[in-house]
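Each remark here refers to the structure printed beneath this line.
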Amino acid sequence: MKTILTISAHPDDETIFAGGTLAMYAEQGHNMYLLDTTRGEGGEVGDPPVATRETLGTVREQEARAAARALGAKEVFFLPYLDPYMEIGGTPRPIDVPLEEFAETIGAYLEKLQPDLIITHGSNGEYGHPQHIFTQQAARLALDAFAQPVSLMTWCAWHEPAKRLRRIMNRDDQADIVRDITPWLDAKIAATLCHRTQHAMFLRNSGAPSVPDMVLRTESFHVRKGPIPEFTEIHKKG
């Protein structure tokens, strides 16, 4: 049994980019934890609104906890950083904290959880989001300072994807793992549906007719620090 930790910029990122793989690891019996570096307070409130600007952080935390249950995660943790507000169509910004402090805060969770595998954002921030990039940089810095050996994977790695997926692929990260997540698609869809505040954004950005239709059926990963953690020695539950 292994311990897996995702480190995400916002509460929905781990579900959208790696939810099928996370559900797979949970089904195999591994201990999975989610670490969100913000509560997504700067994001959208939904259309029609399902939160106010004042309650958005609390609502998104509740959404993240529901999504974590759908994926089979043991627990969700949140860092004490405020997600900068962004108008729809505006320019995103990273959190206002020095990189070293950010990495130290993440490092405390590495010490607490002793993960065997970390999964986080790609080097291009998927579609260039500065908080995605900043989170990956801080996670790598925290890992460099951690005394124990840990594998590190980043999601949305480049693998000649379908045209509609190119905007979210990290072109500097070649895929080492490309996974058809069809067996875990229902869990990923259920988790995605939990993030109600973000549904309008999901549909606007993807052009899909419904939230289930926009869920990625293939997930790809770049292994920054091996070995490649397939963990096949753990049998499925049931």
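The opening position of the sequence shown corresponds to residue 12 in this note's numbering, with each subsequent residue numbered one higher. Glycine included, C-beta positions come from ideal geometry on N, C-alpha and C.
Backbone CA spacing between residue i and residue j [nearest angstrom]
{"i": "S162", "j": "L16", "result": "10 angstroms"}
{"i": "G118", "j": "E112", "result": "10 angstroms"}
{"i": "T146", "j": "G237", "result": "20 angstroms"}
{"i": "A77", "j": "T26", "result": "11 angstroms"}
{"i": "T243", "j": "L93", "result": "Interpretation of T243 is limited by its pLDDT of 49, a score under 50 that renders its predicted location unreliable; the figure taken from the coordinates is listed afterwards. Each residue's Cα considered, the two are about 38 angstroms apart."}
{"i": "G136", "j": "M12", "result": "30 angstroms"}
{"i": "P95", "j": "P141", "result": "11 angstroms"}
{"i": "D197", "j": "A158", "result": "37 angstroms"}
{"i": "M180", "j": "A62", "result": "30 angstroms"}
{"i": "T14", "j": "A34", "result": "14 angstroms"}
{"i": "P223", "j": "L110", "result": "36 angstroms"}
{"i": "A81", "j": "G101", "result": "31 angstroms"}
{"i": "G31", "j": "A114", "result": "27 angstroms"}
{"i": "K85", "j": "A219", "result": "31 angstroms"}
{"i": "Q39", "j": "V189", "result": "18 angstroms"}
{"i": "D183", "j": "I18", "result": "19 angstroms"}
{"i": "R228", "j": "R177", "result": "14 angstroms"}
Option in the options with minimal Cα separation from residue i
{"i": "V226", "options": "T193, V61, E65", "result": "T193"}
{"i": "P91", "options": "I106, A84, L82, A81", "result": "I106"}
{"i": "E122", "options": "A84, P141, E137, D155", "result": "D155"}
{"i": "R252", "options": "M164, D127, I99, R182", "result": "Past the boundaries of the shown model lies residue 252; the chain is included only from 12 to 249, so the question cannot be answered."}
{"i": "R235", "options": "M164, P160, D127, Q73", "result": "M164"}
{"i": "L45", "options": "A79, T66, Q73, Y36", "result": "A79"}
Contact check, residue i vs residue j, beta carbons under 8 angstroms
{"i": "R64", "j": "R50", "result": "no"}
{"i": "T208", "j": "V87", "result": "no"}
{"i": "A20", "j": "H143", "result": "yes"}
{"i": "F232", "j": "D187", "result": "yes"}
{"i": "D23", "j": "H206", "result": "yes"}
{"i": "D47", "j": "A75", "result": "yes"}
{"i": "G83", "j": "M43", "result": "yes"}
{"i": "M97", "j": "G53", "result": "yes"}
Specify whether the segment 151–171 and the segment 197–210 touch according to this definition: at least 3 beta carbon pairs, one from each stretch, less than 8 angstroms apart. no
Report yes or no: do the segment 123–135 and the segment 148–164 share at least 3 C-beta pairs separated by less than 8 angstroms? yes
Which ranges does the alpha helix (DSSP H) cover as unbroken runs of at least 4 residues, wholly within the segment 168–241, from first to last along the chain? 196–205, 210–217, 222–225
Could you pull out every unbroken alpha helix (DSSP H) segment of at least 4 residues lying fully inside the segment 49–77, listed in chain order? none
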